[in-house]
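Visitor:
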Amino acid sequence: MNELRKMLKSEKLSLSQYFEEAYKLFNEMIRNDNKDMIIIMVLSLISILFSKIQSLDFIGTLVSFATLIRTWIFYRKVIFKIEEKEYEAGNVTVKSFILLGIVILAGFLSALLLLPFMGGIIGMALYGRAGIGFLVAIIIPILILLAVFIVISLFILYFIPAYMSRRGSIGETFKYNLFLCRGNRIRMFLPLVILSAIGLLIGTILGFLGTIGTIIGVLISSIVNILQVIIVSIVYLNVEYNTEIPSEFYFARENYENEANKVEDESKRIETQLLNEKKDEENN
């Protein structure tokens with residue numbers, strides 16, 4: 001972790017470097033620290049299996065909520081591992097349930113947004129008005145929902161890793177997230193789009209192959225989601241390490257009280273000072 005942390009502190013990395021370092025960390029955690037990964041994969045599998053049984057689909061929904069909570073907690077564990085900080089649960093469970101409440105509220109608001117369109121679609125289906133009009137009536141709400149999702153995502157790219165790993169309140173963390181987003185949106189957005197597309201594509205294709213295909217698809221999609229958490233954590237730390245944090249975001253600055261970070265920052269400061277002195281001597 002020391003080498004990874006030094007790399008993240010040295011400069012902002014490229015897209016290929018993010019994927020390369022995420023893959024290395026994923027392999028290391030699979031071998032030595034895989035409990036959380038296994039839990040996420042098992043919960044994802046249980047959620048899908050229960051959702052396919054009509055009488056148990058409510059349990060499937062509850063398990064999917066549990067999967068989300070474990071995934072958010074995993075952000076904290078990955079970030080603490082990279083920083084070589086002793087893991088502390090703190091109020092991570094409370095924060096996870098707050099995030100879950102926000103997700104449920106967002107789902108409810110999305111349903112309200114689509115309600116007018118759904119009425120039209122149901123009416124056209126009942127009266128047998130198929131064709132291009134029916135197709136457009138289905139596509140438009142999907143495109144609207146997708147556009148809203150993308151716009152919102154662009155403003156919360158750094159929120160979850162910051163909220164789960166730092167001490168700030170939800171309001172403070174949202175402002176901090178917006179601060180980190182400045183000039184760094186594409187840096188986080190591209191890996192998310194690539195991994196989300198891969199996970200969706202694999203899950204959809206394997207879903208056509210029956211129950212076995214669905215199970216394999218869920219497991220692969222879970223692995224992709226875990227990789228997504230790791231790469232988001234790496235991008236977040238890389239941006240945070242290479243950004244001068246204003247004093248108003250005290251909860252993020254507390255991170256540098258970590259002894260490992262203190263030593264590395266002092267080493268980096270001395271190295272920079274020596275380089276500057278050498279340049280001055282050469283100029284003279």
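In the UniProt record's numbering, the protein residues as written are 1 to 284. All C-beta atoms in this analysis are idealised placements derived from N, C-alpha and C, irrespective of residue type, glycine included.
1. Consult DSSP for N27 and reduce its assignment to one of helix, strand or coil.
2. Taking only the alpha-carbon atoms, compute the straight-line gap between S110 and L25 and give it to the nearest angstrom.
3. Going by C-alpha to C-alpha distance, which of A147, V239, F80 sits closest to N2?
4. Does DSSP put K12 in a helix, a strand or coil?
5. Taking 8 Å as the line, does the beta carbon of L13 fall inside it for any heavy atom of the ligand ATP?
6. Can you look up F97 in the DSSP assignment and give me helix, strand or coil?
7. Grouping DSSP H, G and I as helix and E and B as strand, with all else coil, what is D265?
8. L178 and T243 look like a contact to me (Cβ under 8 Å); what is the Cβ gap, rounded to whole Å?
9. Could you check what DSSP says for P246 in three-state terms: helix, strand or coil?
10. Taking 9 Å as the CB-CB cut-off, is V148 touching chain C?
11. Compare the Cα-Cα distances from I139 to each of L114, S96, Y158 and report the closest residue.
12. Does the stretch 230-240 come into contact with the stretch 6-20, if we say contact requires no fewer than three beta-carbon pairs (one atom in each stretch) closer than 8 Å?
13. Give the DSSP-derived three-state secondary structure of N34 in the structure shown.
14. Going by alpha carbons, who is nearest to E84 out of F155, R182, R5?
15. With burial defined as no fewer than 16 other Cβ atoms inside 10 Å of the residue's Cβ, what is the status of Y23: buried or exposed?
Guide: Reading from the atomic positions:
1. Reading the sequence shown from its first residue, position 27 is the one you call residue 27. Looking at N27 - three-state DSSP - the assignment turns out to be helix.
2. In the sequence shown, the residue the question calls residue 110 occupies position 110. In the sequence shown, the residue the question calls residue 25 occupies position 25. The straight-line gap from Cα to Cα measures roughly 36 Å.
3. To locate residue 2, count along the sequence shown from 1; it is residue 2. Closest option to N2, Cα to Cα, is F80.
4. On the sequence shown, residue 12 is found 12 positions in, with the first residue counted as 1. It is coil, neither helix nor strand.
5. The model depicted lacks the ligand ATP and carries no ligand whatsoever.
6. Here residue 97 refers to the residue found at position 97 of the sequence shown. Helix.
7. Working through the sequence shown from its first residue, we reach residue 265 at position 265. In this predicted model, D265 has a pLDDT of only 49, less than 50, meaning its place in the structure is not dependable; the value taken from the coordinates is given anyway. The answer is helix: DSSP assigns D265 an H, G or I state.
8. Along the sequence shown, one-based indexing puts residue 178 at 178. Along the sequence shown, one-based indexing puts residue 243 at 243. The pair is not a contact, with the Cβ atoms about 13 Å apart (cut-off 8 Å).
9. Taking the first residue of the sequence shown as 1, we reach residue 246 at position 246. DSSP places P246 in coil when its eight states are reduced to three.
10. The question asks about chain C, but that chain is absent: this structure has only one protein chain.
11. Working through the sequence shown from its first residue, we reach residue 139 at position 139. Out of L114, S96, Y158, L114 has the C-alpha closest to the C-alpha of I139.
12. yes
13. Your numbering for residue 34 matches position 34 in the sequence shown. In the structure shown, N34 sits in coil (DSSP, three-state: anything other than H, G, I, E or B).
14. If you number the sequence shown from 1, residue 84 lands on position 84. Of F155, R182, R5, the residue nearest in Cα terms is R5.
15. As a position in the sequence shown, residue 23 is number 23, starting the count at 1. That one is exposed.
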